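Notes for the one structure printed next.
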Amino acid sequence: MIGRVLSLLLVGWTFGFLWFAIALPQPAGPARTDAIVVPTGSGGRIARGLALLRDEQAAQLLVTGVDANVRPEEFAAEHDASEELMDCCVTLGFAALDTRGNARETAEWVRGHEVGSIRLVTSDWHMRRAALELESTLPPQVTLLLDAVRSEPSLWTLFLEFHKLTAAWLVRAWPG
């Protein structure tokens, strides 16, 4: 009996991991939202968020999880963002240290800025967990558009992220 249960768990884990690794989320098409949210991390995220902002796909951009030592002028210079763009439309969030913190920081920012829709921009391998964490903190009326930045993650990155996603899902599914 225990052998069958373990075999079933192994088969479930294998198919789950294969699905996770093969069917990574994709970039979203052109759709306007109230705001764009970009958690800091792997390459391409911030550049994509700023490009969407410049293309007027949203009026505001929150970059969450910015290191406390980064000054707005440094951020602007590194990412070629004009002073006008920074002043009108870009908020740097310094409170988050991890994906769960990104979600809390984003939800707080959303409540303070009367945002009804968000485009979440993050790496394809990170999207599912970032969205899960964010959906659990956002007000229910806020809609979420997932916009994955394509990457070439290593097998190890996929392995770790799959287990982080599984743990995050279990925490939300566990009664009590």
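FYI, in this note's numbering the residues of the sequence shown are 11 to 186.
Each residue gets a CB set at the ideal place from its N, CA and C atoms; glycine is no exception.
Please read these numbers as outputs of a predicted model, since none were measured by experiment.
From this set, the options, which residue's C-alpha is nearest residue i's C-alpha?
i, options, result
"TRP119", "ASP134, MET137, GLU143, LEU71", "LEU71"
"ASP44", "ALA91, HIS89, HIS123, VAL15", "HIS123"
"ARG64", "PRO185, ILE12, ILE46, GLU171", "ILE46"
"ARG42", "GLU66, PRO163, LEU170, LEU102", "GLU66"
"VAL100", "LEU20, LEU62, PRO150", "LEU62"
"GLY22", "TRP184, PHE172, LEU165", "PHE172"
"THR116", "LEU170, VAL48, GLN151, CYS98", "VAL48"
"PHE169", "ILE12, THR24, LEU19, LEU18", "THR24"
"VAL80", "LEU16, PHE27, LEU102", "LEU102"
Take residue i and list the residues in its own chain whose beta-carbon comes closer than 6 angstroms to its own, dropping the five residues that flank it on each side.
i, result
"ALA113", "GLU143, LEU144, THR147"
"ARG58", "VAL131, VAL159"
"GLY54", "VAL159"
"ALA106", "THR74, GLY75, ASN112, GLU115"
"PHE30", "PHE172"
Quick one: what's got a C-beta closer than 7 angstroms to residue i's C-beta in the same chain, skipping five residues either side?
i, result
"PHE104", "VAL76, ALA78"
"THR167", "TRP135"
"ALA68", "ARG42, THR43, ASP44, ALA45, ILE46, LEU62, ARG129"
Compute the beta-carbon to beta-carbon distance between residue i and residue j, rounded to the nearest angstrom, for a pair I have assumed lies under 8 angstroms.
i, j, result
"ASP134", "ALA38", "Going by Cβ atoms, the distance from ASP134 to ALA38 rounds to 12 angstroms, so no, they are not a contact pair."
"VAL73", "THR50", "6 angstroms"
"LYS174", "ARG139", "6 angstroms"
"ILE128", "LEU155", "7 angstroms"
"GLY126", "THR153", "7 angstroms"
"SER52", "SER161", "6 angstroms"
"GLU93", "ALA87", "Contact flag wrong, Cβ pair sits at about 10 angstroms."
State the beta-bridge partners of residue i as determined by DSSP.
i, result
"GLN70", "ALA45"
"VAL76", "Note: VAL76 sits in no beta bridge, so no partner."
"GLY103", "THR74"
"VAL159", "SER133"
"SER127", "THR153"
Counting only the same chain and skipping the five closest in sequence on each side, list residues whose C-beta sits under 8 angstroms from that of residue i.
i, result
"MET137", "LEU34, PRO35, LEU130, LEU156, ALA158"
"HIS89", "ILE56, ALA57, LEU60"
"PRO149", "ALA117, VAL120, ARG121"
**Prompt:** On the three-pair Cβ rule with 8 angstroms, is the region 52–66 touching the region 17–34?
**Reply:** no
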